[in-house]
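Residue numbers for the sequence shown follow the working numbering, so the first one is 14 and each next one is one higher.
For every residue, glycine included, the Cβ atom is placed at its ideal position computed from N, Cα and C.
Here the structure is a predicted model, which is why all the values come from computation and not from measurement.
Notes follow the structure.
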Amino acid sequence: MNLVQLSPLSEAVRRTCNVLKIGASMQVLDYEQRFSSLKSFSEDLLSNLVRMGFNVKEAYETAIQFFGGSSVRFAGIDGTMYSRPLFDLVVFFGGAYASTGTLTFHEDKPPTVKYDERTVRHGAGISSVVPIYVNEIPDVDQAFFEVSQPDEVSLAKPLTEESIINNATVANWIMTFAEYYLAYKLAVDVEKNVRIIFLDRSLSIERASLLYDTSKRALWEVKSNILGYEIEGEPIDVNDLTIARQYVCNQRLGLPPPRADYLRYAIIELLKRKGALTKKQILAEFDIKDEKRAKRVERALKNLLKNGFLSEKGEVYALNQKYAGTWERIKKLVVSIGDRFFFAENPETSNLMKIVKGGKEHWLTTLDIAFLTLFTLHMLMEECWNRRILLIGLTKDTAARDFKRQLIPIMCNNDLLKAKISQEELEKLPNTDRMILQSASILNADKISPPWSLIEYDSAFRTMVLDKQNRKGYVSGAIKNKIGLERVFLKTYVQLSQAKTDPMLRSNVL
(Lines of atoms letter the chains of each structure in order from A; the text may use other names.)
(Lines give C-alpha, C1' and ligand atoms only; values in the text may rest on other atoms or scores of the structure.)
Protein backbone atom coordinates (compact mmCIF):
# COMPACT_ATOMS: atom_id res chain seq x y z
CA MET A 14 0.00 0.00 0.00
CA ASN A 15 1.35 3.44 -0.97
CA LEU A 16 0.81 6.06 1.71
CA VAL A 17 0.37 9.68 0.61
CA GLN A 18 3.08 11.77 2.19
CA LEU A 19 1.77 14.73 4.17
CA SER A 20 3.24 17.92 2.72
CA PRO A 21 4.86 20.53 4.95
CA LEU A 22 2.67 23.43 6.10
CA SER A 23 4.34 25.85 3.64
CA GLU A 24 3.45 23.54 0.71
CA ALA A 25 -0.18 23.34 1.89
CA VAL A 26 -0.38 27.16 2.07
CA ARG A 27 1.20 27.50 -1.40
CA ARG A 28 -1.27 25.00 -2.90
CA THR A 29 -4.23 26.82 -1.29
CA CYS A 30 -3.01 30.14 -2.71
CA ASN A 31 -2.71 28.66 -6.22
CA VAL A 32 -6.18 27.11 -6.09
CA LEU A 33 -7.61 30.45 -4.93
CA LYS A 34 -5.72 32.36 -7.63
CA ILE A 35 -6.93 30.08 -10.45
CA GLY A 36 -10.55 30.15 -9.20
CA ALA A 37 -10.56 33.93 -8.71
CA SER A 38 -8.91 34.55 -12.10
CA MET A 39 -11.68 32.63 -13.86
CA GLN A 40 -14.33 34.66 -12.02
CA VAL A 41 -12.60 37.97 -12.84
CA LEU A 42 -12.24 36.99 -16.52
CA ASP A 43 -15.92 36.02 -16.68
CA TYR A 44 -16.98 39.38 -15.22
CA GLU A 45 -14.65 41.32 -17.52
CA GLN A 46 -16.48 39.75 -20.45
CA ARG A 47 -19.85 40.54 -18.88
CA PHE A 48 -18.86 44.18 -18.20
CA SER A 49 -17.94 44.66 -21.86
CA SER A 50 -21.63 44.07 -22.74
CA LEU A 51 -22.83 46.78 -20.37
CA LYS A 52 -21.91 49.85 -22.42
CA SER A 53 -24.30 49.07 -25.26
CA PHE A 54 -26.97 47.81 -22.82
CA SER A 55 -26.93 51.16 -21.04
CA GLU A 56 -27.05 53.23 -24.21
CA ASP A 57 -29.73 51.14 -25.96
CA LEU A 58 -32.04 50.19 -23.13
CA LEU A 59 -31.20 51.56 -19.70
CA SER A 60 -31.41 55.18 -20.84
CA ASN A 61 -35.18 54.73 -21.28
CA LEU A 62 -35.65 53.14 -17.85
CA VAL A 63 -33.58 55.45 -15.61
CA ARG A 64 -35.13 58.58 -14.11
CA MET A 65 -32.87 61.54 -13.24
CA GLY A 66 -33.27 65.26 -12.64
CA PHE A 67 -36.37 65.14 -10.44
CA ASN A 68 -38.79 68.03 -10.74
CA VAL A 69 -39.11 69.66 -7.30
CA LYS A 70 -42.37 71.42 -8.23
CA GLU A 71 -43.95 68.09 -9.24
CA ALA A 72 -42.73 66.51 -6.00
CA TYR A 73 -44.26 69.40 -4.03
CA GLU A 74 -47.60 69.09 -5.84
CA THR A 75 -47.65 65.30 -5.37
CA ALA A 76 -46.96 65.71 -1.64
CA ILE A 77 -49.87 68.17 -1.33
CA GLN A 78 -52.13 65.78 -3.24
CA PHE A 79 -51.08 62.60 -1.42
CA PHE A 80 -50.30 63.76 2.13
CA GLY A 81 -52.56 66.81 2.22
CA GLY A 82 -49.66 69.10 3.13
CA SER A 83 -46.06 69.95 2.24
CA SER A 84 -44.55 68.99 5.61
CA VAL A 85 -44.75 65.33 6.73
CA ARG A 86 -43.44 63.27 9.66
CA PHE A 87 -41.32 60.20 8.89
CA ALA A 88 -39.86 57.27 10.82
CA GLY A 89 -37.03 54.91 9.88
CA ILE A 90 -37.16 51.57 11.72
CA ASP A 91 -34.39 49.04 12.25
CA GLY A 92 -34.07 46.01 14.50
CA THR A 93 -31.46 44.41 16.73
CA MET A 94 -31.14 41.02 18.39
CA TYR A 95 -28.83 38.74 20.35
CA SER A 96 -28.88 35.40 22.13
CA ARG A 97 -26.61 34.46 25.06
CA PRO A 98 -26.27 31.15 26.89
CA LEU A 99 -26.49 31.46 30.68
CA PHE A 100 -26.06 28.21 32.63
CA ASP A 101 -28.93 25.94 31.44
CA LEU A 102 -30.76 28.89 29.85
CA VAL A 103 -30.46 30.84 26.63
CA VAL A 104 -31.47 34.49 26.84
CA PHE A 105 -33.05 35.76 23.61
CA PHE A 106 -33.37 39.49 22.99
CA GLY A 107 -35.04 41.25 20.08
CA GLY A 108 -36.10 44.84 19.55
CA ALA A 109 -36.82 47.60 17.05
CA TYR A 110 -36.10 51.32 17.20
CA ALA A 111 -37.22 54.30 15.14
CA SER A 112 -35.37 57.43 14.09
CA THR A 113 -37.91 60.17 13.42
CA GLY A 114 -38.02 63.59 11.80
CA THR A 115 -39.82 65.93 9.42
CA LEU A 116 -39.60 66.08 5.62
CA THR A 117 -40.63 69.37 3.99
CA PHE A 118 -41.32 69.71 0.26
CA HIS A 119 -40.72 73.06 -1.50
CA GLU A 120 -41.89 74.46 -4.82
CA ASP A 121 -38.54 75.96 -5.78
CA LYS A 122 -35.86 73.79 -4.13
CA PRO A 123 -35.24 70.14 -3.13
CA PRO A 124 -37.04 68.76 -0.04
CA THR A 125 -35.38 69.43 3.33
CA VAL A 126 -35.00 66.88 6.13
CA LYS A 127 -34.89 67.70 9.82
CA TYR A 128 -34.19 64.87 12.30
CA ASP A 129 -35.66 64.99 15.78
CA GLU A 130 -33.16 65.87 18.47
CA ARG A 131 -32.92 63.86 21.70
CA THR A 132 -33.81 60.59 20.01
CA VAL A 133 -33.77 58.73 23.35
CA ARG A 134 -36.59 60.94 24.63
CA HIS A 135 -38.59 61.51 21.45
CA GLY A 136 -37.79 58.40 19.39
CA ALA A 137 -39.78 55.19 19.60
CA GLY A 138 -38.57 51.72 20.46
CA ILE A 139 -39.90 48.37 21.61
CA SER A 140 -38.08 45.24 22.74
CA SER A 141 -38.50 42.00 24.62
CA VAL A 142 -36.18 39.57 26.36
CA VAL A 143 -37.02 35.89 26.80
CA PRO A 144 -35.05 33.30 28.80
CA ILE A 145 -35.69 29.67 27.73
CA TYR A 146 -34.16 26.45 29.08
CA VAL A 147 -31.98 24.80 26.41
CA ASN A 148 -33.98 21.57 26.55
CA GLU A 149 -37.25 23.49 25.87
CA ILE A 150 -35.98 25.37 22.78
CA PRO A 151 -36.76 22.52 20.31
CA ASP A 152 -40.41 22.63 21.46
CA VAL A 153 -40.59 26.40 20.81
CA ASP A 154 -38.43 26.92 17.70
CA GLN A 155 -39.77 25.71 14.35
CA ALA A 156 -36.20 25.31 13.11
CA PHE A 157 -36.42 21.98 14.95
CA PHE A 158 -39.95 20.99 13.84
CA GLU A 159 -40.41 17.99 11.54
CA VAL A 160 -43.27 18.32 9.02
CA SER A 161 -43.51 14.58 8.30
CA GLN A 162 -43.84 13.89 12.04
CA PRO A 163 -45.30 17.08 13.55
CA ASP A 164 -45.47 15.53 17.02
CA GLU A 165 -41.72 14.86 17.01
CA VAL A 166 -38.62 17.05 17.10
CA SER A 167 -36.56 16.99 13.87
CA LEU A 168 -33.74 14.46 13.96
CA ALA A 169 -32.07 16.05 10.94
CA LYS A 170 -30.00 18.24 13.30
CA PRO A 171 -27.96 16.72 16.14
CA LEU A 172 -29.62 18.00 19.33
CA THR A 173 -26.52 18.74 21.35
CA GLU A 174 -26.58 21.81 23.55
CA GLU A 175 -24.20 23.64 21.20
CA SER A 176 -26.21 22.82 18.06
CA ILE A 177 -29.49 23.89 19.70
CA ILE A 178 -28.01 27.26 20.73
CA ASN A 179 -26.36 27.81 17.32
CA ASN A 180 -29.47 26.92 15.28
CA ALA A 181 -32.10 28.65 17.41
CA THR A 182 -34.00 31.42 15.58
CA VAL A 183 -36.05 32.78 18.50
CA ALA A 184 -34.17 36.10 18.75
CA ASN A 185 -34.52 36.75 15.03
CA TRP A 186 -38.28 36.14 15.19
CA ILE A 187 -38.69 38.49 18.16
CA MET A 188 -36.77 41.19 16.27
CA THR A 189 -38.81 40.72 13.06
CA PHE A 190 -42.10 40.89 14.94
CA ALA A 191 -40.84 43.98 16.82
CA GLU A 192 -40.00 45.86 13.60
CA TYR A 193 -43.42 45.34 12.04
CA TYR A 194 -45.29 45.88 15.30
CA LEU A 195 -43.49 49.18 15.93
CA ALA A 196 -44.29 50.29 12.36
CA TYR A 197 -47.95 49.42 12.95
CA LYS A 198 -48.07 51.29 16.29
CA LEU A 199 -46.59 54.38 14.61
CA ALA A 200 -49.08 54.10 11.73
CA VAL A 201 -52.12 54.06 14.05
CA ASP A 202 -50.83 56.81 16.37
CA VAL A 203 -52.85 59.88 15.31
CA GLU A 204 -50.84 62.23 17.55
CA LYS A 205 -47.46 61.26 16.05
CA ASN A 206 -49.04 61.45 12.56
CA VAL A 207 -46.18 59.59 10.84
CA ARG A 208 -46.86 59.63 7.07
CA ILE A 209 -43.69 57.97 5.71
CA ILE A 210 -42.34 54.74 7.22
CA PHE A 211 -39.00 53.25 6.17
CA LEU A 212 -38.19 49.61 6.97
CA ASP A 213 -34.87 47.87 6.46
CA ARG A 214 -36.62 45.02 4.64
CA SER A 215 -37.85 44.12 1.16
CA LEU A 216 -41.60 44.11 1.80
CA SER A 217 -42.75 41.84 -1.05
CA ILE A 218 -40.00 39.29 -0.34
CA GLU A 219 -40.72 39.43 3.41
CA ARG A 220 -44.42 38.75 2.84
CA ALA A 221 -43.64 35.80 0.55
CA SER A 222 -41.19 34.47 3.16
CA LEU A 223 -43.74 34.78 5.99
CA LEU A 224 -46.35 32.99 3.87
CA TYR A 225 -43.86 30.17 3.36
CA ASP A 226 -42.99 30.01 7.07
CA THR A 227 -46.69 29.57 7.91
CA SER A 228 -47.60 27.29 5.00
CA LYS A 229 -47.07 23.85 6.58
CA ARG A 230 -50.62 23.11 7.69
CA ALA A 231 -49.57 19.76 9.22
CA LEU A 232 -47.79 21.79 11.93
CA TRP A 233 -50.68 24.14 12.75
CA GLU A 234 -52.70 21.83 15.00
CA VAL A 235 -49.63 20.52 16.82
CA LYS A 236 -47.23 23.47 17.01
CA SER A 237 -49.42 26.60 16.98
CA ASN A 238 -50.71 27.70 20.38
CA ILE A 239 -52.67 30.69 19.09
CA LEU A 240 -55.06 28.05 17.71
CA GLY A 241 -57.79 27.78 20.32
CA TYR A 242 -56.80 31.08 22.00
CA GLU A 243 -60.01 32.94 22.80
CA ILE A 244 -60.76 36.43 21.54
CA GLU A 245 -64.15 37.86 22.57
CA GLY A 246 -65.14 34.40 23.83
CA GLU A 247 -64.52 32.83 20.39
CA PRO A 248 -61.49 30.52 19.95
CA ILE A 249 -59.23 31.13 16.94
CA ASP A 250 -59.59 28.16 14.58
CA VAL A 251 -57.86 26.85 11.44
CA ASN A 252 -60.23 28.75 9.13
CA ASP A 253 -59.47 32.03 10.93
CA LEU A 254 -55.73 31.51 10.31
CA THR A 255 -56.41 30.51 6.69
CA ILE A 256 -58.36 33.72 5.98
CA ALA A 257 -55.93 36.02 7.83
CA ARG A 258 -52.84 34.57 6.09
CA GLN A 259 -54.06 35.98 2.78
CA TYR A 260 -56.02 38.97 4.06
CA VAL A 261 -54.90 41.68 1.64
CA CYS A 262 -58.16 43.39 0.74
CA ASN A 263 -58.53 46.65 -1.16
CA GLN A 264 -61.63 47.04 -3.32
CA ARG A 265 -60.27 49.96 -5.34
CA LEU A 266 -57.20 47.91 -6.29
CA GLY A 267 -59.27 44.78 -7.01
CA LEU A 268 -57.65 42.79 -4.19
CA PRO A 269 -57.73 39.89 -3.74
CA PRO A 270 -57.96 39.10 -7.49
CA PRO A 271 -60.42 36.34 -8.52
CA ARG A 272 -57.73 34.05 -9.92
CA ALA A 273 -55.58 31.05 -9.00
CA ASP A 274 -54.91 30.59 -5.26
CA TYR A 275 -56.57 33.93 -4.46
CA LEU A 276 -59.99 32.94 -5.85
CA ARG A 277 -61.22 31.46 -2.55
CA TYR A 278 -60.28 34.62 -0.66
CA ALA A 279 -61.89 36.82 -3.34
CA ILE A 280 -65.14 34.86 -2.90
CA ILE A 281 -64.96 35.18 0.92
CA GLU A 282 -64.37 38.94 0.68
CA LEU A 283 -67.14 39.38 -1.91
CA LEU A 284 -69.72 37.55 0.25
CA LYS A 285 -68.56 39.52 3.30
CA ARG A 286 -69.29 42.78 1.45
CA LYS A 287 -72.38 41.81 -0.56
CA GLY A 288 -74.09 39.21 1.63
CA ALA A 289 -75.68 36.10 0.10
CA LEU A 290 -75.22 35.57 -3.66
CA THR A 291 -75.94 32.87 -6.25
CA LYS A 292 -73.14 31.38 -8.34
CA LYS A 293 -74.42 33.38 -11.34
CA GLN A 294 -74.20 36.63 -9.33
CA ILE A 295 -70.68 35.75 -8.13
CA LEU A 296 -69.56 35.18 -11.74
CA ALA A 297 -71.10 38.52 -12.76
CA GLU A 298 -69.35 40.36 -9.89
CA PHE A 299 -66.00 38.89 -11.03
CA ASP A 300 -66.83 39.55 -14.71
CA ILE A 301 -66.14 35.88 -15.48
CA LYS A 302 -67.69 34.76 -18.77
CA ASP A 303 -65.60 31.84 -20.03
CA GLU A 304 -66.49 28.31 -18.96
CA LYS A 305 -63.01 27.34 -17.79
CA ARG A 306 -62.88 30.09 -15.16
CA ALA A 307 -66.52 29.48 -14.20
CA LYS A 308 -65.62 25.84 -13.42
CA ARG A 309 -62.83 27.08 -11.13
CA VAL A 310 -65.34 29.23 -9.24
CA GLU A 311 -67.63 26.22 -8.88
CA ARG A 312 -64.76 24.10 -7.47
CA ALA A 313 -63.76 26.90 -5.09
CA LEU A 314 -67.34 27.20 -3.80
CA LYS A 315 -67.48 23.45 -3.15
CA ASN A 316 -64.16 23.60 -1.29
CA LEU A 317 -65.32 26.55 0.84
CA LEU A 318 -68.58 24.76 1.66
CA LYS A 319 -66.77 21.55 2.59
CA ASN A 320 -64.42 23.38 4.97
CA GLY A 321 -67.16 25.37 6.69
CA PHE A 322 -66.35 28.84 5.38
CA LEU A 323 -69.70 29.13 3.57
CA SER A 324 -73.26 27.92 3.92
CA GLU A 325 -75.66 27.18 1.05
CA LYS A 326 -79.44 27.39 0.92
CA GLY A 327 -81.37 27.07 -2.33
CA GLU A 328 -78.21 27.60 -4.45
CA VAL A 329 -77.52 30.85 -2.59
CA TYR A 330 -74.13 31.08 -0.91
CA ALA A 331 -73.42 33.05 2.27
CA LEU A 332 -70.36 33.51 4.46
CA ASN A 333 -70.49 31.66 7.78
CA GLN A 334 -71.23 34.46 10.29
CA LYS A 335 -68.33 33.38 12.51
CA TYR A 336 -65.86 34.28 9.73
CA ALA A 337 -67.45 37.64 8.91
CA GLY A 338 -65.62 38.95 12.00
CA THR A 339 -62.39 36.97 11.53
CA TRP A 340 -60.19 39.92 10.57
CA GLU A 341 -61.33 42.11 13.47
CA ARG A 342 -60.71 39.27 15.95
CA ILE A 343 -57.28 38.56 14.43
CA LYS A 344 -56.35 42.24 14.83
CA LYS A 345 -57.38 42.10 18.49
CA LEU A 346 -55.31 38.92 18.90
CA VAL A 347 -52.20 40.63 17.48
CA VAL A 348 -52.63 43.79 19.61
CA SER A 349 -53.37 41.75 22.75
CA ILE A 350 -50.26 39.58 22.41
CA GLY A 351 -48.07 42.35 20.94
CA ASP A 352 -48.81 44.87 23.70
CA ARG A 353 -48.17 42.28 26.39
CA PHE A 354 -45.01 41.03 24.67
CA PHE A 355 -43.42 44.45 24.20
CA PHE A 356 -45.01 46.72 26.83
CA ALA A 357 -46.15 44.64 29.85
CA GLU A 358 -44.21 45.37 33.04
CA ASN A 359 -45.93 42.73 35.17
CA PRO A 360 -46.88 39.90 32.80
CA GLU A 361 -49.59 37.47 33.88
CA THR A 362 -47.49 34.48 32.78
CA SER A 363 -44.13 33.14 33.99
CA ASN A 364 -42.53 34.09 30.66
CA LEU A 365 -43.39 36.81 28.10
CA MET A 366 -43.43 34.14 25.38
CA LYS A 367 -46.22 32.24 27.12
CA ILE A 368 -49.97 32.71 26.81
CA VAL A 369 -52.81 31.38 28.94
CA LYS A 370 -55.14 29.06 27.05
CA GLY A 371 -57.71 26.80 28.71
CA GLY A 372 -56.42 27.82 32.13
CA LYS A 373 -52.87 26.63 31.37
CA GLU A 374 -49.69 28.36 30.21
CA HIS A 375 -48.51 27.54 26.67
CA TRP A 376 -45.39 28.63 24.80
CA LEU A 377 -45.78 30.94 21.82
CA THR A 378 -43.76 29.02 19.24
CA THR A 379 -41.81 30.72 16.46
CA LEU A 380 -44.59 29.45 14.15
CA ASP A 381 -47.02 31.55 16.22
CA ILE A 382 -44.70 34.57 15.98
CA ALA A 383 -44.46 34.06 12.19
CA PHE A 384 -48.29 34.16 12.04
CA LEU A 385 -48.41 37.28 14.24
CA THR A 386 -45.73 39.00 12.12
CA LEU A 387 -47.58 38.24 8.88
CA PHE A 388 -50.86 39.49 10.34
CA THR A 389 -49.09 42.65 11.59
CA LEU A 390 -47.76 43.31 8.08
CA HIS A 391 -51.29 42.99 6.68
CA MET A 392 -52.60 45.34 9.41
CA LEU A 393 -49.84 47.83 8.57
CA MET A 394 -50.66 47.69 4.84
CA GLU A 395 -54.35 48.26 5.60
CA GLU A 396 -53.55 51.24 7.84
CA CYS A 397 -51.24 52.75 5.19
CA TRP A 398 -53.98 52.50 2.57
CA ASN A 399 -56.57 54.02 4.91
CA ARG A 400 -54.41 56.91 6.15
CA ARG A 401 -52.31 57.58 3.03
CA ILE A 402 -49.05 56.55 4.63
CA LEU A 403 -46.13 55.83 2.31
CA LEU A 404 -44.56 52.49 3.34
CA ILE A 405 -41.05 51.94 1.95
CA GLY A 406 -38.75 48.93 2.34
CA LEU A 407 -35.14 49.83 1.56
CA THR A 408 -32.45 47.11 1.29
CA LYS A 409 -29.13 46.30 -0.31
CA ASP A 410 -30.38 43.21 -2.15
CA THR A 411 -27.29 41.49 -3.54
CA ALA A 412 -29.09 38.42 -4.94
CA ALA A 413 -32.12 39.86 -6.81
CA ARG A 414 -32.25 39.05 -10.53
CA ASP A 415 -35.85 39.79 -11.51
CA PHE A 416 -35.00 42.98 -13.46
CA LYS A 417 -32.66 41.00 -15.73
CA ARG A 418 -34.46 37.66 -15.84
CA GLN A 419 -38.13 38.64 -15.73
CA LEU A 420 -38.97 42.32 -16.26
CA ILE A 421 -36.81 43.02 -19.35
CA PRO A 422 -37.66 39.78 -21.25
CA ILE A 423 -41.42 40.17 -20.55
CA MET A 424 -41.41 43.85 -21.60
CA CYS A 425 -39.43 43.03 -24.75
CA ASN A 426 -41.79 40.18 -25.66
CA ASN A 427 -44.76 42.54 -25.36
CA ASP A 428 -43.17 45.43 -27.33
CA LEU A 429 -43.12 47.72 -24.28
CA LEU A 430 -39.51 48.87 -24.79
CA LYS A 431 -38.17 51.23 -27.45
CA ALA A 432 -34.94 49.27 -27.80
CA LYS A 433 -34.78 45.49 -28.26
CA ILE A 434 -32.43 43.12 -26.49
CA SER A 435 -32.19 39.39 -27.15
CA GLN A 436 -32.10 36.66 -24.50
CA GLU A 437 -28.51 35.86 -25.58
CA GLU A 438 -27.43 39.47 -24.98
CA LEU A 439 -29.11 39.45 -21.54
CA GLU A 440 -27.23 36.27 -20.58
CA LYS A 441 -23.92 38.06 -21.25
CA LEU A 442 -24.67 40.72 -18.59
CA PRO A 443 -23.53 40.40 -14.94
CA ASN A 444 -25.58 37.92 -12.91
CA THR A 445 -27.43 40.20 -10.48
CA ASP A 446 -29.53 43.33 -10.96
CA ARG A 447 -27.44 45.29 -8.47
CA MET A 448 -24.17 44.47 -10.26
CA ILE A 449 -25.69 45.38 -13.66
CA LEU A 450 -26.96 48.77 -12.45
CA GLN A 451 -23.97 49.61 -10.24
CA SER A 452 -21.54 48.86 -13.08
CA ALA A 453 -23.63 50.58 -15.77
CA SER A 454 -23.75 53.68 -13.57
CA ILE A 455 -19.96 53.79 -13.22
CA LEU A 456 -19.19 52.92 -16.86
CA ASN A 457 -21.58 55.68 -18.00
CA ALA A 458 -20.69 58.22 -15.33
CA ASP A 459 -21.00 61.08 -17.84
CA LYS A 460 -24.61 60.13 -18.69
CA ILE A 461 -25.99 58.69 -15.44
CA SER A 462 -25.61 60.90 -12.39
CA PRO A 463 -27.04 60.20 -8.90
CA PRO A 464 -29.58 60.53 -7.51
CA TRP A 465 -31.35 58.30 -10.03
CA SER A 466 -33.96 55.58 -9.92
CA LEU A 467 -35.32 52.99 -12.30
CA ILE A 468 -38.94 53.16 -13.36
CA GLU A 469 -41.12 51.52 -10.70
CA TYR A 470 -42.57 48.13 -11.58
CA ASP A 471 -44.98 45.73 -9.89
CA SER A 472 -43.20 43.31 -7.57
CA ALA A 473 -45.41 40.56 -9.04
CA PHE A 474 -42.91 40.48 -11.95
CA ARG A 475 -40.59 38.63 -9.57
CA THR A 476 -42.95 35.63 -9.77
CA MET A 477 -43.48 35.73 -13.57
CA VAL A 478 -41.61 34.26 -16.52
CA LEU A 479 -42.12 34.49 -20.28
CA ASP A 480 -45.13 32.63 -21.60
CA LYS A 481 -44.02 29.14 -22.66
CA GLN A 482 -45.51 29.71 -26.13
CA ASN A 483 -44.12 33.27 -26.34
CA ARG A 484 -47.63 34.71 -26.85
CA LYS A 485 -48.00 38.47 -26.50
CA GLY A 486 -50.07 39.57 -23.50
CA TYR A 487 -49.44 36.31 -21.63
CA VAL A 488 -47.06 35.29 -18.83
CA SER A 489 -46.51 32.13 -16.77
CA GLY A 490 -45.81 31.70 -13.07
CA ALA A 491 -42.14 31.22 -12.19
CA ILE A 492 -42.75 28.37 -9.70
CA LYS A 493 -45.58 25.85 -10.26
CA ASN A 494 -47.14 28.41 -12.61
CA LYS A 495 -48.12 30.61 -9.64
CA ILE A 496 -47.98 34.41 -9.81
CA GLY A 497 -47.83 36.60 -6.70
CA LEU A 498 -50.33 39.33 -5.80
CA GLU A 499 -50.34 42.23 -8.25
CA ARG A 500 -51.04 45.88 -7.34
CA VAL A 501 -49.68 45.50 -3.80
CA PHE A 502 -45.99 46.52 -3.87
CA LEU A 503 -43.95 48.53 -6.36
CA LYS A 504 -40.26 47.89 -6.80
CA THR A 505 -37.41 50.02 -8.09
CA TYR A 506 -33.64 50.44 -7.75
CA VAL A 507 -32.03 53.69 -6.63
CA GLN A 508 -28.54 55.16 -6.35
CA LEU A 509 -28.52 58.21 -4.13
CA SER A 510 -25.06 59.81 -4.06
CA GLN A 511 -21.55 60.15 -5.46
CA ALA A 512 -18.31 61.55 -4.08
CA LYS A 513 -17.54 65.20 -4.83
CA THR A 514 -13.86 64.41 -5.34
CA ASP A 515 -14.43 61.48 -7.74
CA PRO A 516 -17.72 61.17 -9.70
CA MET A 517 -17.06 57.46 -10.28
CA LEU A 518 -17.05 56.78 -6.54
CA ARG A 519 -20.75 56.12 -5.92
CA SER A 520 -23.02 54.72 -3.22
CA ASN A 521 -24.49 51.22 -3.41
CA VAL A 522 -27.52 50.60 -5.57
CA LEU A 523 -30.45 49.91 -3.22
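- Residue range 379-400 is occupied by the alpha helix (DSSP H) that includes histidine 391.
- Contiguous beta strand (DSSP E) elements confined to the region 38-90 do not occur, taking only those with 3 or more residues.
- One thing to note: proline 123 has its Cβ no nearer than 7 Å to the Cβ of isoleucine 178.
- Counting the other Cβ atoms within 10 Å of the Cβ of aspartate 428 gives fewer than 16, which makes it exposed.
- Leucine 102 is bridged by DSSP to Leu99, Tyr146.
- Between the region 58-67 and the region 187-194 there are fewer than three C-beta pairs closer than 8 Å, too few to call the two in contact.
- At least 7 Å separates the beta-carbon of asparagine 252 from that of lysine 409.
- Glutamine 78 counts as exposed, since fewer than 16 other C-beta atoms from the protein chains shown sit within 10 angstroms of its C-beta.
- CA-CA distance, asparagine 263 to asparagine 483, rounds to 32 Å.
- Excluding the 5 residues flanking it on each side, valine 369 has same chain C-beta neighbours closer than 8 Å at Glu361, Thr362, His375, in chain order.
- DSSP places serine 176 outside any beta strand (DSSP E); the residue lies instead in the alpha helix (DSSP H), whose first and last residues are 174-180.
- Excluding residues up to 5 positions away in sequence, Ala383 lie with their Cβ nearer than 6 Å to the Cβ of aspartate 226 in the same chain.
- DSSP, read as helix, strand or coil, puts tyrosine 506 in coil.
- In this structure, the straight-line span from the alpha carbon of tyrosine 95 to that of serine 141 is close to 11 Å.
- Cβ-Cβ distances below 6 Å link proline 271 to Ala279, Phe299 in the same chain, with the five nearest sequence neighbours on each side left out; the list follows chain order.
- Pairing lysine 485 with serine 60, the inter-Cα distance amounts to about 24 Å.
- From the listed residues Glu74, Thr93, Gly92, Ile90, the smallest Cα separation to serine 84 is found for Glu74.
- Contact annotation: the region 149-160 does not touch the region 214-225, with fewer than three C-beta pairs closer than 8 Å.
- When beta bridges are read from the DSSP output, tyrosine 275 appears opposite no residue.
- Linking serine 489 to lysine 513 through their CA atoms gives a straight-line distance of about 46 Å.
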